[in-house]
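Following: one structure in structure tokens, then a few remarks.
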Amino acid sequence: MAPMGIRLSPLGVAVFCLLGLGVLYHLYSGFLAGRISLFGLGGEPAGGAAGPPAAADGGAVDLREMLAVSVLAAVRGGDEVRRVRESNVLHEKSKGKTREGADDKMTSGDVLSNRKMFYLLKTAFPSVQINTEEHVDAADQEVILWDHKIPDDILKEVTTPKEVPAESVTVWIDPLDATQEYTEDLRKYVTTMVCVAVNGKPVLGVIHKPFSEYTAWAMVDGGSNVKARSSYNEKTPRIVVSRSHSGMVKQVALQTFGNQTTIIPAGGAGYKVLALLDVPDKSQEKADLYIHVTYIKKWDICAGNAILKALGGHMTTLSGEEISYTGSDGIEGGLLASIRMNHQALVRKLPDLEKTGHK
């Protein structure tokens, strides 16, 4: 019974009831949709507490996409390297001394290339670990977006996505390989490089030559845009070595392979790996072996290691050990790289060189 003095209109009661039913229906339908989303489609209603979204723990990354971004990063970095060199204002300085006592040089080309390469990769793949030769200053942070386009030459070779856990990936960047030669205007030796390792094993490699605009890339068990040469000389090989200690290698190489062996001093680990391959660049010298006898950083060699591995070649320490691309940023055991040769037989031929590499 209504309170005294108040009369209820039948029409008003009906409208009120209809509005109430509408509110209840709206609330129930929203709840039901959330339940269907959760249980039927594997999702989670907004604001749910079942756990963080997949991206929070890294999720998965597609190696084909990582290859596309790595190629783009190497080219973008190379643009900076070329622009600074052509301006002839390098702002050259020394970061200290190498173990051999030489100046460890850095230029604006190194810094600006590093910034472009690092932030392009970090923006595209924020969950992966990225190791780079140069310091990344947070004050210089850039958001460099990738348009999610995969080049046709990559799609042709790598026809399907290849996903791996993001937490298993380590990226190694060398924003300017052969800085010493860069300061001397020996442009043919200069490269920019990106490598992707999965569980410490190199699987993607990109080596870009900024001054000839040639780019080599390869994916292990995927494809490549570069290939091995048709033949190599295993008996009296042409050996490419560092310009800084060619004499040390030459002495042992002549003892091992004989007086007909040719030693090719060169700058840059990327350039030396390309010397083993069929590269359509007139400035690129050709070699049969790449030997390094002292400490070397992993960002110098990871990309070349991945490319050689994808093509059936090898890169190991001088004692034949595989190189792991996790943990420390360098290796102590020297380096031997070959392709279409009996790599272990070559390792056995170089006992004296192995000892030299561990000094």
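So the sequence shown is residues 1 to 359, counted in full-length UniProt numbering.
Virtual Cβ for every residue (Gly too), placed ideally from N, Cα, C.
- Between the stretch 103-115 and the stretch 171-183, the count of C-beta pairs closer than 8 angstroms reaches three or more; the two stretches touch.
- Only residues of its own chain outside the window of five on either side were considered, and among them F257, G258, Q260, T261 have a CB closer than 7 angstroms to the CB of T236, listed in chain order.
- Approximately 5 angstroms separates the beta-carbon atoms of Y232 and R340; this is inside 8 angstroms, confirming the contact.
- For Q251 and L112, the gap between their C-alpha atoms comes out near 39 angstroms.
- In the pairwise beta carbon analysis, the stretch 125-135 is classified as not touching the stretch 200-220: fewer than three pairs are separated by under 8 angstroms.
- Its Cα nearest to that of R64, the residue V196 stands out among V196, E142, G330.
- Taking 9 angstroms as the cut-off, the Cβ atoms of V240 and I307 do not count as close.
- Contact annotation: W217 and L67 have beta-carbon atoms nearer than 9 angstroms.
- Secondary structure of Q344 (DSSP, three-state): helix.
- Annotation for K116: the continuous alpha helix (DSSP H) segment containing it runs 108-124.
- Counting only runs of 3 or more residues that sit fully inside the stretch 129-187, the beta strand (DSSP E) segments are 129-132, 163-165, 169-177, in chain order.
- Between L274 and I207 a beta carbon distance of about 6 angstroms is seen, short of the 8 angstroms cut, so the two are scored as contacting.
- Under the three-state reduction of DSSP, I307 is assigned to helix.
- Judged by DSSP in its simplified three-state form, G312 adopts coil rather than helix or strand.
- In the three-state scheme derived from DSSP, where H, G and I count as helix and E and B as strand, G223 is classed as strand.
- A check of alpha carbon separations from Y290 across K297, P280, L276 identifies L276 as the nearest.
- Of the residues G223, E163, F118, R187, the one whose Cα lies closest to the Cα of K309 is G223.
- Between A60 and A166, the C-beta gap is smaller than 9 angstroms, which places the two residues in contact.
- For A266, the closest of F211, Q284, I301 by C-alpha to C-alpha distance is Q284.
- Look at the stretch 227-261 and you find these whole runs of beta strand (DSSP E), each 3 residues long or longer: 238-242.
- Straight-line spacing of the CA atoms in V143 and L120 works out to 7 angstroms.
- Within its own chain, the residues whose Cβ lies closer than 7 angstroms to the Cβ of D281, once the five positions on either side in sequence are excluded, are K209, S212, Y214, listed in chain order.
- Judged by DSSP secondary structure, L335 falls within the beta strand (DSSP E) whose first and last residues are 335-338.
- Counted as a single uninterrupted DSSP element, the alpha helix (DSSP H) harbouring Y271 occupies residues 269-274.
- Distances from the CA of S338 to each of G313, M248, H245, E184 were compared; the closest alpha carbon is that of G313.
- Counting only the Cα atoms, V190 lies some 13 angstroms from V84.
- Between H245 and T294, the beta carbon gap of about 7 angstroms places them in contact (Cβ cut-off 8 angstroms).
- In this model, T159 and D329 are separated by some 33 angstroms (Cα to Cα).
- Annotation: V81 to W172 spans about 18 angstroms, alpha carbon to alpha carbon.
- V279 has its alpha-carbon roughly 36 angstroms from the corresponding atom of D140.
- Annotation: L204 is outside any alpha helix (DSSP H); the continuous beta strand (DSSP E) that includes it extends over 201-209.
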